[in-house]
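A.B. asks: Before I ask anything, here is the structure I am working with.
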Ligand code: MG
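In this note's numbering, the protein residues as written are 39 to 393.
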């Protein structure tokens, strides 16, 4: 025991204060090799010098005590690599949250931002409905029915992934929405994609989760911006004609576009639910979208595939052409899907441009 080092000398040689050494001793991370029973004086062994320096470096890296215990018990680079990955993930998530906060702050701090200066204020009179249907156990669809923004997310992935992905998609899109431009709407959807992807990776429970997302937004300059990923749809009813504004990113959608499948056959196709693009399955995503003039009296319909795979296109067009109150139209469409069997979750948002 001759080579025992008194705490004062150990402190000087390790560069750690006596106070810090006492706190490491109290947490069980670096227990003195010997304590004088009479005086309570602490002594360390020379081999504890390296351990003290390692411990201090890990504390400096912000590693939790439980993980430090593990590294000291089983010294290996793997645990350090895992901690480095967690730090990188945390930083990415915090940067994503900051981006959302920045967007939320931007309209309030801009004095030149005044939609009313461009004429009468237009808005959407929107209503949404979403139903589990008769076959599925859970509802993995989510809807947005706001005065400037409408949309649908249809989640996918093992339970509870789909539900979480769809819920995140609509909540984050609403938070990111600025109303200023179609580019900002697309940038918002890209940020939503990355946030879902970040959330999914590293979680076994949420592995493989993703969602469709379609949205139509009434912008400050009175244009209507539409964006979509997956096979949820936005239609525009103008002058008695119903036009689909979105592109289906699905196996059947591709076949219809190539002229190899009819719309009517697509709804019975065994691969009608197989998507070729979805939100949250990779760090980046390719979007489709467009901008259209917003015309007072025109109506929008956003829906999940649970509607158009159950209700014939002509019945959807007839419901939209009837020009009932938007709530009546939404109820009518959902009831038609439920009567037809509702094998999937059914969601609709019906909106009229007013003002
Ligand atoms: Mg669906």
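Idealized CB from N, CA, C, for every residue including glycine.
#1: Nearest CA to the CA of residue 317: which residue from 116, 251, 226?
#2: Taking C-beta to C-beta, are residue 314 and residue 304 nearer than 8 Å?
#3: Within the same chain, show all residues whose beta-carbon is closer than 7 Å to that of residue 219, passing over the 5 residues directly before and after it, in chain order.
#4: Around the C-beta of residue 226, are 16 or more other C-beta atoms found within 10 angstroms, so that it is buried, or is it exposed?
#5: Give me the Cα-Cα distance between residue 234 and residue 207, rounded to the nearest whole angstrom.
#6: Report the residue from 58, 179, 217, 189 whose alpha carbon sits nearest the alpha carbon of residue 195.
#7: Which residues in the same chain have their Cβ closer than 8 Å to the Cβ of residue 46, if we skip the five residues on either side of it in sequence?
#8: Excluding the 5 residues preceding and the 5 following residue 270 in the sequence, name in chain order all residues of the same chain whose CB lies nearer than 6 Å to its CB.
#9: Whole angstroms are fine: how far does the CA of residue 390 sit from the CA of residue 325?
#10: Among 388, 332, 323, whose alpha-carbon lies nearest the alpha-carbon of residue 355?
#11: In the DSSP output, which residue or residues are listed as bridge partners for residue 132?
#12: Alpha carbon to alpha carbon, how far is residue 380 from residue 236?
#13: Can you tell me whether residue 358 is helix, strand or coil according to DSSP?
#14: What residue range does the alpha helix (DSSP H) around residue 301 cover?
#15: Should residue 344 be counted as a contact of the ligand MG given a C-beta to heavy atom distance under 7 Å?
#16: Assess, as a yes-or-no matter, whether the region 238-247 is touched by the region 162-176 under the definition of 3 or more beta carbon pairs within less than 8 Å.
#17: For a test of your reading of the model: does the CB of residue 383 fall under 7 Å from any non-hydrogen atom of the ligand MG? Yes or no.
#18: Can you tell me where the beta strand (DSSP E) holding residue 261 begins and where it ends?
#19: Give me the DSSP bridge partner(s) of residue 337.
#20: Can you give the beta carbon distance from residue 367 to residue 360, rounded, assuming they're within the 8 Å contact cut?
#21: Taking all protein chains shown into account, decide if residue 93 is buried (16 or more other Cβ within 10 angstroms of its Cβ) or exposed.
#22: Within its chain, find whatever has a CB closer than 7 Å to the CB of residue 205; leave out the 5 residues flanking it on each side and keep chain order.
#23: Going by DSSP in three states, residue 382 sits in which element: helix, strand or coil?
#24: If we ignore side chains and look at the alpha-carbon of each, how far apart do residue 75 and residue 81 end up?
#25: Do the CB positions of residue 275 and residue 264 come within less than 8 Å of each other?
#26: Can you give the beta carbon distance from residue 142 to residue 106, rounded, assuming they're within the 8 Å contact cut?
#27: Would you say residue 286 touches the ligand MG, meaning its beta carbon is less than 7 Å from a heavy atom?
#28: In the DSSP assignment, find the unbroken alpha helix (DSSP H) run with residue 165 in it and report its ends.
#29: Using DSSP's beta-bridge definition, name the partner residues of residue 249.
#30: Do residue 77 and residue 396 have their beta-carbon atoms positioned less than 8 Å apart in this structure?
#31: Taking residue 458 as part of the beta strand (DSSP E), name the residues at either end of that continuous run.
#32: Is the beta carbon of residue 63 sitting closer than 8 Å to the one on residue 70?
#33: Which same chain residues end up closer than 6 Å to residue 283 when comparing Cβ atoms and leaving out the 5 residues on each side of it in sequence?
#34: For residue 337, count neighbouring Cβ atoms within 10 angstroms of its own Cβ and tell me buried if that reaches 16, exposed if not.
#35: Quick one: using the 10 Å Cβ neighbour count with 16 as the cut-off for buried, is residue 384 buried or exposed?
C.D. replies: From the atom records:
#1: In the chain shown, counting from the first residue as 1, residue 317 sits at position 279. For the residues 116, 251, 226, the minimum Cα distance to residue 317 belongs to 251.
#2: Against the chain shown, residue 314 aligns to sequence position 276. Against the chain shown, residue 304 aligns to sequence position 266. No, these two residues do not count as a Cβ contact at 8 Å.
#3: Start at 1 with the first residue of the chain shown, and residue 219 comes out as number 181. Cβ within range, chain order: 257.
#4: As a position in the chain shown, residue 226 is number 188, starting the count at 1. Buried, because 16 or more other Cβ atoms sit within 10 Å of the Cβ of residue 226.
#5: The residue labelled residue 234 in the question sits at position 196 within the chain shown. The residue labelled residue 207 in the question sits at position 169 within the chain shown. Spanning the two alpha carbons is a distance of roughly 7 Å.
#6: Here residue 195 refers to the residue found at position 157 when the chain shown is read from its first residue. Minimum Cα distance to residue 195 is reached at 179.
#7: By 1-based counting over the chain shown, the position of residue 46 is 8. Hits under 8 Å: 56.
#8: Counting from 1 along the chain shown, the entry for residue 270 is found at position 232. Counting only Cβ-Cβ distances below 6 Å, and skipping sequence neighbours, we find 190, 192, 250, 252, 342.
#9: Counted from its first residue, the chain shown places residue 325 at position 287. Counted from its first residue, the chain shown places residue 390 at position 352. About 25 Å.
#10: In the chain shown, residue 355 corresponds to position 317, counting from 1. Comparing Cα-Cα distances from residue 355 to each of 388, 332, 323, the minimum goes to 388.
#11: In the chain shown, residue 132 corresponds to position 94, counting from 1. According to DSSP, residue 132 bridges with nothing at all.
#12: Within the chain shown, residue 380 is the residue found at index 342, counting from 1. Within the chain shown, residue 236 is the residue found at index 198, counting from 1. The straight-line gap from Cα to Cα measures roughly 32 Å.
#13: Working through the chain shown from its first residue, we reach residue 358 at position 320. In the structure shown, residue 358 sits in a helix (DSSP, three-state: H, G or I).
#14: Counted from its first residue, the chain shown places residue 301 at position 263. Counting along the chain, the alpha helix (DSSP H) containing residue 301 begins and ends at 301-304.
#15: Here residue 344 corresponds to residue number 306 of the chain shown, with the count starting at 1. Yes.
#16: no
#17: In the chain shown, residue 383 corresponds to position 345, counting from 1. Yes, the ligand MG has a heavy atom inside 7 Å of this Cβ.
#18: Taking the first residue of the chain shown as position 1, residue 261 is located at position 223. Here the beta strand (DSSP E) through residue 261 covers 261-267.
#19: In the chain shown, counting from the first residue as 1, residue 337 sits at position 299. Residue 337 pairs with 275, 390.
#20: By one-based count along the chain shown, residue 367 stands at place 329. By one-based count along the chain shown, residue 360 stands at place 322. So it is a contact: roughly 7 Å between Cβ atoms.
#21: If you number the chain shown from 1, residue 93 lands on position 55. Its Cβ being crowded by 16 or more others within 10 Å, residue 93 is buried.
#22: Stepping through the chain shown from its first residue, residue 205 is reached at position 167. Closer than 7 Å at Cβ, skipping near neighbours: 180.
#23: Counting from 1 along the chain shown, the entry for residue 382 is found at position 344. Correct three-state label for residue 382: coil.
#24: As a working mapping, residue 75 is identified with position 37 in the chain shown. As a working mapping, residue 81 is identified with position 43 in the chain shown. Going by the C-alpha atoms only, they are around 11 Å apart.
#25: Here residue 275 refers to the residue found at position 237 of the chain shown. Here residue 264 refers to the residue found at position 226 of the chain shown. No, they are not a contact pair.
#26: By 1-based counting over the chain shown, the position of residue 142 is 104. By 1-based counting over the chain shown, the position of residue 106 is 68. The Cβ separation is near 37 Å, so there is no contact.
#27: Within the chain shown, numbered from 1, the residue matching residue 286 stands at position 248. Not so, every heavy atom of the ligand MG lies at least 7 Å from the Cβ.
#28: Along the chain shown, read from residue 1 onward, the residue named residue 165 stands at position 127. No alpha helix (DSSP H) holds residue 165; the beta strand (DSSP E) holding it covers 161-169.
#29: For the purposes of this step, residue 249 is taken as the residue at position 211 of the chain shown. The partner list for residue 249 (beta bridge, DSSP) reads 193, 317.
#30: Residue 396 lies beyond the stretch modelled for the chain, which goes from 39 to 393, so this question has no answer here.
#31: Because the chain here runs from 39 to 393, residue 458 falls outside it and cannot be looked at.
#32: One-based indexing of the chain shown puts residue 63 at position 25. One-based indexing of the chain shown puts residue 70 at position 32. Yes, they are a contact pair.
#33: Here residue 283 corresponds to residue number 245 of the chain shown, with the count starting at 1. Contacts found: 264, 272, 274.
#34: As a working note, residue 337 is residue 299 in the chain shown. Buried, because 16 or more other Cβ atoms sit within 10 Å of the Cβ of residue 337.
#35: The residue given as residue 384 occupies position 346 in the chain shown. Classification for residue 384: buried.
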